[in-house]
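In my numbering, the protein residues as written are 419 to 668.
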């Protein structure tokens, strides 16, 4: 299995080879329903009420409107920026024309093993009934983290919010999967949503033995890139193949 990361400029390609891939912020959110789905709300409110009773709060329908909206937003609109690195898995022979048109004419194909070593994984595309059931499960789990804040209003624990975002990193609505044979993989860093370390800008070095192909836009750039590889890795006999970005996955 081989995974492709694309970029739009050759200097980005050179930087990734010399200094490592850089984790960059991407917006992560999971919205299985358009707006506030009443059927979903009816299944979450009992979990809210059970927890609200435990922490000495009035029940959901007796909360002020702003508190109700805050709780619903916590399970409907939870989102955040997560530093990550994205790859695409293509079957051999699959057309790459649209992909390079959208993401750039330069790329690095790395091994599946390297991505797994960086705790990367395939994105899970979710929709329909599975998406609804998952959303209900997450909502009930979020409800169990409620506690009384300093102003006497129920709020979610920071850790529950952060853990949920960690999970959302690898979810994508199924309508975003434009090709059933094309799969996205992600390496996700620490987001620091509720404090702590944020990995935006972190570098991930990839050993030359973990790179299968390097793609460039023009034939004249092949020799330039081969010379750069010889300079960075002197004496290395097994350098990755440099080639013009193919129209179809090799």
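Even glycine gets a Cβ: it sits at the ideal position worked out from N, Cα and C.
Source: prediction; values computed, not measured.
Proximity of the stretch 604-617 to the stretch 552-567 falls short of the contact definition, fewer than three beta-carbon pairs being nearer than 8 Å.
Residue 656 is classed as exposed because its beta carbon has fewer than 16 other beta carbons within 10 Å across all chains shown. The stretch 609-623 and the stretch 496-509 touch, with no fewer than 3 CB-CB distances between them shorter than 8 Å. Remark: C-beta atoms of residue 531 and residue 654 do not approach each other more closely than 8 Å. By the C-beta criterion, the stretch 561-570 is judged not to be in contact with the stretch 612-619, since fewer than 3 inter-stretch pairs fall below 8 Å. The beta carbon of residue 510 sits closer than 6 Å to the beta carbons of 667 from its chain, once the five residues preceding and following it are set aside; these are given in chain order. Assignment of residue 431 by DSSP, reduced to helix, strand and coil, places it in the helix class. When DSSP states are grouped into helix, strand and coil, residue 507 belongs to the strand group.
Among the bridge pairs identified by DSSP, residue 501 is matched with 443. Contact between residue 621 and residue 440 holds: their C-beta atoms lie close to 6 Å from each other, under 8 Å. In the pairwise beta carbon analysis, the stretch 481-496 is classified as touching the stretch 575-586: at least three pairs are separated by under 8 Å. The alpha-carbon of residue 591 is positioned some 38 Å away from that of residue 640. Here residue 505 is not near residue 429, since their CB atoms are 8 Å or more apart. For residue 630, the enclosing beta strand (DSSP E) starts and ends at 629-634.
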